[in-house]
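Only one structure is covered here, and it is reproduced in the block below.
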Amino acid sequence: MAKKISGIITRMVIIAMFLMSFPGTVLADGGDGGYEATANGYHITLVFSEPVKSGVNEFHVLIADSMGMPVSDAVVEVVAMPVEDISDHSEEPAEEMHGMEMATETPAPEDVHGMSGMDMSSESETNEHEVAEEVVHEEEPVAVTLASGHEAGEYSGEIHLDASGNWTFNIHFTLGDQMTAVEIPIEVPRAISNYGILAGFFGINATVIATAAITKRKPISPKA
Numbered sequence: 000m001a002k003k004i005s006g007i008i009t010r011m012v013i014i015a016m017f018l019m020s021f022p023g024t025v026l027a028d029g030g031d032g033g034y035e036a037t038a039n040g041y042h043i044t045l046v047f048s049e050p051v052k053s054g055v056n057e058f059h060v061l062i063a064d065s066m067g068m069p070v071s072d073a074v075v076e077v078v079a080m081p082v083e084d085i086s087d088h089s090e091e092p093a094e095e096m097h098g099m100e101m102a103t104e105t106p107a108p109e110d111v112h113g114m115s116g117m118d119m120s121s122e123s124e125t126n127e128h129e130v131a132e133e134v135v136h137e138e139e140p141v142a143v144t145l146a147s148g149h150e151a152g153e154y155s156g157e158i159h160l161d162a163s164g165n166w167t168f169n170i171h172f173t174l175g176d177q178m179t180a181v182e183i184p185i186e187v188p189r190a191i192s193n194y195g196i197l198a199g200f201f202g203i204n205a206t207v208i209a210t211a212a213i214t215k216r217k218p219i220s221p222k223a
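Position 218 of the sequence shown, counted from 1, bears residue number 217 in numbering that gives the first Met the number 0, the numbering being contiguous throughout.
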C-alpha cells in the first residue's frame with residue numbers, strides 16, 4: 000500500500016514539474032487559425048510565431064480577398080497600443096471622500112493670510128507632480144511596417160511589447176488607392192518570475208523528501 004501511494008505521489012510531482020517548466024503556455028495566436036477579422040471584403044489573420052510575451056514578438060499577417068485568394072503587393076502597417084485598465088482609476092469610497100471634505104474645511108479668517116502662500120506653493124508642487132506622473136505613465140503606440148513573407152498574401156515583422164496586459168493591434172494595409180484597417184485585441188500574459196519557479200521546485204522537493212521519510216518508516220513491533 001505504501002509503495003502504491005508513493006508511486007501516485009511521484010507521478011503527481013512529475014506532472015507538476017512538467018507544467019511549471021512551461022509557464023504561460025496559452026496559445027497567443029488565438030488557436031491554430033490565429034486572430035481573424037474582416038473588413039471591406041478582405042479576410043485578415045494575425046498569427047504569432049510563438050506564444051506572445053513581454054518583449055520582442057515575431058508575427059505574421061495573412062490577407063485574402065472575398066474569394067479566399069491571397070492578396071500580394073500590399074503595404075501593411077501595424078500599430079500596437081496598450082489598453083488602459085479603467086479599474087486603476089476607480090472612484091474613491093464615499094467614506095474617504097467625506098473625510099477629505101472634513102479635512103478641507105475653510106480656515107478661520109486670521110489664518111487665511113498666513114496660509115495663502117503655503118497653499119499656493121503646495122498646489123503648484125501638486126500640479127507639477129501630477130504632470131510628471133502623466134508623462135511617466137503615458138505609453139506611446141508601437142508602429143511596425145511589415146515585409147512580404149515567404150508565402151503569397153503573407154506579411155511578417157517583429158514588434159516589441161514592453162508590458163503585459165491587454166493590447167490593441169491596429170492593422171491597416173493599402174492596396175492601390177484603397178486603405179483597409181481592422182483592430183484586433185491581444186492579451187499579453189504576465190510572466191512568472193524565476194523566484195516563483197524556484198519556490199515551486201523547492202516545495203516539490205520538500206514534498207518528495209517528506210513522502211520518502213513517511214514510506215520508509217518502519218512500524219515499531221509490540222513488546223512481548
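C-beta atoms are modelled at their ideal positions from N, C-alpha and C, and glycine is treated no differently.
Among the residues of its own chain, which have a CB less than 6 Å from the CB of residue i, if the five just before and after it don't count?
i, result
"GLU157", "VAL55 and GLU57"
"VAL143", "VAL77, GLY156 and ILE158"
"LEU174", "ALA73"
"ASP161", "none"
With DSSP as the reference, label residue i as helix, strand or coil.
i, result
"VAL25", "The predicted model places VAL25 with a pLDDT of 34, which falls under 50 and marks its position as unreliable, so this point remains unresolved."
Can you tell me the Cα-Cα spacing of residue i and residue j, whole angstroms?
i, j, result
"HIS42", "ILE208", "56 Å"
"HIS59", "PRO188", "19 Å"
"VAL70", "PHE47", "19 Å"
"GLY164", "ILE183", "14 Å"
"PRO81", "VAL75", "20 Å"
"ALA73", "ALA180", "12 Å"
"GLU139", "ALA63", "30 Å"
"ASN169", "VAL141", "10 Å"
"GLY40", "GLY67", "10 Å"
"ASP176", "THR37", "19 Å"
With residue i and residue j assumed to form a contact (beta carbons below 8 Å), what rounded beta-carbon distance in angstroms separates them?
i, j, result
"LEU45", "GLY152", "At roughly 13 Å, the Cβ-Cβ gap does not stay under 8 Å, so LEU45 and GLY152 are not in contact."
Once you ignore the five residues that flank residue i on each side, which residues in its own chain have a CB closer than 7 Å to its CB?
i, result
"GLU186", "ASN165"
"SER65", "GLY40"
If I measure Cβ to Cβ from residue i and keep anything under 8 Å in the same chain, skipping five residues before and after, which residues do I get?
i, result
"MET178", "HIS171 and PHE172"
Exercise for review: Flag this pair as touching only if the stretch 142-149 and the stretch 33-41 have three or more C-beta atom pairs under 8 Å; answer yes or no.
Suggested key: no
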